[in-house]
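Down below is the structure, laid out as structure tokens.
Protein chains: 2
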Amino acid sequence: MKNLHNLLMLALFTPALYANTPVQPLPLSPQLAYQLVESLTTEVGPRIAGSPGDRASVQWATSQMKSLGFDKVWTEEFVTPYWQRGQARLEVLTPFPQSLVLTALGGSVGTPANGIDATVVQFDSLEALLAAKPEQVKDKIVFINKAMTKDRAGSQYGKVVGARAKGAVDAARLGAKALIIRSVGTSANRFAHTGKMSYDPAVPKIPAVAISAPDAQQLARILQKAPEAKLKLQMDNQQTEDAISHNVIGEITGSERPDEIVLIGAHLDSWDQGTGALDDGAGVGLVMATAALLKKEGQPKRTIRVVLYGNEEGGLVGARAYAARHAKELSKHVLASESDFGAGRIWRFETRFGASALPFAKQIQQQLAPLGIEAGGNDAFGGPDVSVLKALGVPVVTLEQDGTDYFDYHHTPNDTLDKVDPAALEQNLQAWLIMTRAVANSALDLRK
Amino acid sequence: MKNLHNLLMLALFTPALYANTPVQPLPLSPQLAYQLVESLTTEVGPRIAGSPGDRASVQWATSQMKSLGFDKVWTEEFVTPYWQRGQARLEVLTPFPQSLVLTALGGSVGTPANGIDATVVQFDSLEALLAAKPEQVKDKIVFINKAMTKDRAGSQYGKVVGARAKGAVDAARLGAKALIIRSVGTSANRFAHTGKMSYDPAVPKIPAVAISAPDAQQLARILQKAPEAKLKLQMDNQQTEDAISHNVIGEITGSERPDEIVLIGAHLDSWDQGTGALDDGAGVGLVMATAALLKKEGQPKRTIRVVLYGNEEGGLVGARAYAARHAKELSKHVLASESDFGAGRIWRFETRFGASALPFAKQIQQQLAPLGIEAGGNDAFGGPDVSVLKALGVPVVTLEQDGTDYFDYHHTPNDTLDKVDPAALEQNLQAWLIMTRAVANSALDLRK
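Residue numbers (this note's numbering), protein chains in the order written: chain A, 2 to 449; chain U, 2 to 449.
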């Protein structure tokens, strides 16, 4: 029945069925990136992998690329887990009855229908939980209360996100009934930040949620006044393993070396709470606009391939599918780069090139300098989806954005279009045009 | 059955039953106001009139006043409507399916169980709706999309709040099925601001909701692209008319003229979405701390009466009950003043005194000047609850707070303790001490 269901879903929702949906043609102007973000977030909105919004976004991207004059446009299907958020409720039962603002972490199981009632054991970090004894944790709700600080590079994210990604496994291993984390985020607003968590097949699956920063502070105060405070968590998420999603790919064909691919990417999926304007509508708009505007200048020498990855949020599912499907072609990927860090101004240019290509990197940076972009090192990340290609030897660059405020909005309902500054996005677009133009019209092998 | 139910509720929840609940004694320090806000918002949290939180807050206030050494503490019961928020959901059905962030307006009826499906007619103000013809509005959802700007005095609130207060009546009169307003608030965060709305017995009651500012912008974009967009609203609020609530009153008895009352007030109830830290936990903490710290200095000559009003948010219900119950005593109210505009620094001192008391007002302002407080006029508002007494001839003052950010948080889930700046609250407390001390130790008749 499940397979039949999926076939039916596929028949109903395969993008081809939508191929003739009219798209409002957008002018090829410096505002194009913003107009694409506006269109995607307004007409599609939330688009978690496997959902109707995901399918609508694939249709949207395909139609827009055609409308923008891309030479080739196609989709590449992959199978993906599809996680659906249900109702969620977290209450202090005693001694200070009140509700806390929470969100299920992506991938979390639900609770039994009548919920989980338990006392709480609080830790100030994942490391403190790992050092705990089972008798401290058994049958309790684990609360990891670690705050995150801001900086331009978002460097604290990696130090905090472990509690979200694997806290449920570590808590369950010690006998906990559920996991609550303080949101991985930097805002004092009362939004809970979702994000992917994972289970270990050898450890019982317990429900995992995040509460907002003000709620984490509130819960800490409650526990200080009443260490035996009792909480109730009720949640009913669902997950299927074999949904269908797609990477959407569009090309501007190279005039001289069409087999050499300059890949510029972003991810098309978003979390379900917001409309994914910063994460990653901005990136989608930027790379689509870059390719379309460069075609308007005249066909580049190399092929510019825009890859809009599916299901980045669920763990680079589309990126792995792309790498697998294009394995034989990767040596022809002369460069890959991704925009996926919001919509702040680009302030640094980083590469991961072979040594003999570094003077070329310097040339690009000199063209970027008037935009306020400084030179970075040769250890670029490239972007989350593109990191899969980097690991396979593809040269990458990062046009590094100012991420000071990114984690205020990241994975919350508050990730909406109004958080995108059109002027900052235009600066991004100018940088992407310079970088992509330079590489697409060069003959240089960046691996060497 | 309803009356039996209420008697039972009264028996179960009358404050006397809680009178021996232990309270953690707070030190009489300059941090007392903040510590009281912290205690109220943590231990009670949301406290809409008629709710269990309301009853807990009455118990909390009574116990705290006793613990702080007030000479007399009592409660005054009144009957009040009790409005309970249910589930609410607002979806764009076609052509861009997505959910919008909404909140029911306080007092709104729900929808039929299967919701209301309709197209939308948008107006840029209540005035524009009032100028509309029935054929524009009939069977549609009215959307009033008016933004609010910020200033220190919060002067735009009065110009925008009409859509919330009476928009549902005006829309229903023209045949609308429901009302959506852009939140009355100044934040770009995705919170919907609730607040009281009213019906007219002669006009059908239609459901009324607010959407957040980003959602209002989103809906406007959707309607621009698709004027025939269809929405679905589902909501199930409940209201009973005869719940019980209380004003809580505590006094520091005057040593020389105990029958002369200096009333300093705030409101104890809050909306249900946040913990009511700014609205009006801060005010509650300030006036309680003022009285307690002044008693520590030695008994004042006049009686200082702290009135913590019940159900301000539902329309000054406690304030009217107080005025009715104390009608014969109002001539002995030498002054009334309320703190209910958040927790920003006080920047201006305003009075509503008789002409011969104005030199005394000037003396008070001179004492306040080192705190950065300038002189205002003699047309003070006094505060929402206290305005009822002002209308009956009681002299009032306003220690006017900086409200620049107040409407970012007002009536949202985001009204939480972390939004209270302890240093600003301490400046408030110093000003309240100066003003209250001066009036309580004076023999002047401020009416003359």
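Just so it is clear, CB atoms sit at the ideal spot from N, CA and C, and this is done for glycine as well.
Please read these numbers as outputs of a predicted model, since none were measured by experiment.
At the level of alpha carbons, what is the spacing between residue i and residue j?
i, j, result
"residue 117 of chain U", "residue 211 of chain U", "16 Å"
"residue 450 of chain U", "residue 69 of chain U", "With chain U covering only 2 through 449, there is no way to say anything about residue 450 of chain U."
"residue 401 of chain A", "residue 350 of chain A", "6 Å"
"residue 138 of chain A", "residue 395 of chain U", "59 Å"
"residue 234 of chain U", "residue 89 of chain A", "20 Å"
"residue 76 of chain U", "residue 140 of chain U", "47 Å"
"residue 108 of chain A", "residue 433 of chain A", "34 Å"
"residue 238 of chain U", "residue 124 of chain U", "26 Å"
"residue 80 of chain U", "residue 245 of chain U", "5 Å"
"residue 316 of chain U", "residue 51 of chain U", "13 Å"
"residue 39 of chain A", "residue 242 of chain A", "31 Å"
"residue 135 of chain A", "residue 179 of chain A", "14 Å"
"residue 131 of chain A", "residue 209 of chain A", "17 Å"
"residue 439 of chain U", "residue 298 of chain U", "13 Å"
"residue 267 of chain A", "residue 129 of chain U", "43 Å"
"residue 34 of chain U", "residue 290 of chain U", "5 Å"
"residue 200 of chain A", "residue 269 of chain A", "25 Å"
"residue 321 of chain A", "residue 310 of chain A", "10 Å"
"residue 58 of chain A", "residue 45 of chain A", "6 Å"
"residue 181 of chain U", "residue 227 of chain A", "41 Å"
"residue 95 of chain A", "residue 32 of chain A", "54 Å"
"residue 175 of chain U", "residue 122 of chain U", "12 Å"
"residue 303 of chain A", "residue 365 of chain A", "17 Å"
Where DSSP assigns a beta bridge to residue i, which residues make up the other side?
i, result
"residue 180 of chain A", "A/143, A/209"
"residue 90 of chain U", "U/235"
"residue 197 of chain A", "A/107"
"residue 216 of chain U", "Residue 216 of chain U is not bridged to any residue."
"residue 1 of chain U", "Here chain U has residues from 2 to 449 only, and residue 1 of chain U is not among them."
"residue 122 of chain A", "A/143"
"residue 351 of chain A", "A/399"
"residue 117 of chain A", "A/234"
Can you tell me whether residue i is buried or exposed, with buried defined as 16 or more other CB within 10 angstroms of its CB?
i, result
"residue 273 of chain A", "buried"
"residue 223 of chain U", "buried"
"residue 449 of chain A", "exposed"
"residue 329 of chain A", "exposed"
"residue 260 of chain U", "exposed"
"residue 301 of chain U", "buried"
"residue 356 of chain U", "exposed"
"residue 492 of chain A", "With chain A covering only 2 through 449, there is no way to say anything about residue 492 of chain A."
"residue 443 of chain A", "buried"
"residue 435 of chain A", "buried"
"residue 375 of chain A", "exposed"
"residue 446 of chain U", "exposed"
"residue 159 of chain A", "exposed"
"residue 156 of chain A", "exposed"
"residue 1 of chain A", "Because residue 1 of chain A is not part of the residues shown, which for chain A are 2 to 449, the question remains open."
"residue 25 of chain U", "exposed"
Suppose the cutoff is 6 Å on Cβ atoms and the five residues either side in sequence are ignored; what does the same chain contact list for residue i look like?
i, result
"residue 91 of chain U", "101, 103, 234"
"residue 99 of chain U", "93"
"residue 188 of chain A", "409"
"residue 405 of chain A", "151, 153"
"residue 306 of chain A", "252, 262, 264"
"residue 190 of chain U", "none"
"residue 398 of chain U", "338, 352, 381"
"residue 221 of chain A", "146"
Taking 7 Å as the limit between beta carbons, can you name the residues of its chain near residue i, skipping five residues before and five after?
i, result
"residue 420 of chain U", "278, 279, 410"
"residue 72 of chain U", "252, 253, 254"
"residue 296 of chain U", "70, 253"
"residue 192 of chain A", "213, 413, 414, 415"
"residue 387 of chain U", "266, 337, 338, 339, 397"
By Cβ distance, which residues of its chain are closer than 8 Å to residue i, with the 5 residues on each side in sequence left out?
i, result
"residue 363 of chain U", "376"
Would you say the beta carbon of residue i comes nearer than 7 Å to a heavy atom of the ligand PLP?
i, result
"residue 272 of chain A", "The model on display carries no ligand, and the ligand PLP is accordingly not part of it."
Identify every run of the beta strand (DSSP E) within the region 220-270 of chain U, keeping only runs that are complete inside it and at least 3 residues long; order them along the chain.
Qualifying beta strand (DSSP E) stretches, in chain order: 231-236, 239-253, 258-268.
Output the residue ranges of the beta strand (DSSP E) runs that lie fully inside the region 359-424 of chain A and measure 3 residues or longer, sorted by chain position.
Taking only runs of at least 3 residues, the beta strand (DSSP E) segments lying wholly in the region 359-424 of chain A are 397-402.
In chain order, what are the residue ranges of uninterrupted beta strand (DSSP E) at least 3 long that sit wholly in the region 41-110 of chain A?
Secondary structure in the region 41-110 of chain A: the beta strand (DSSP E) runs of 3 residues or longer, each lying completely within the stretch, are 73-85, 89-95, 99-101, 103-105 in chain order.
Just list the alpha helix (DSSP H) runs in the region 282-348 of chain U, keeping only unbroken ones of 4 residues or longer that don't cross its boundaries, in chain order.
Listed in chain order, they are 283-298, 318-326.
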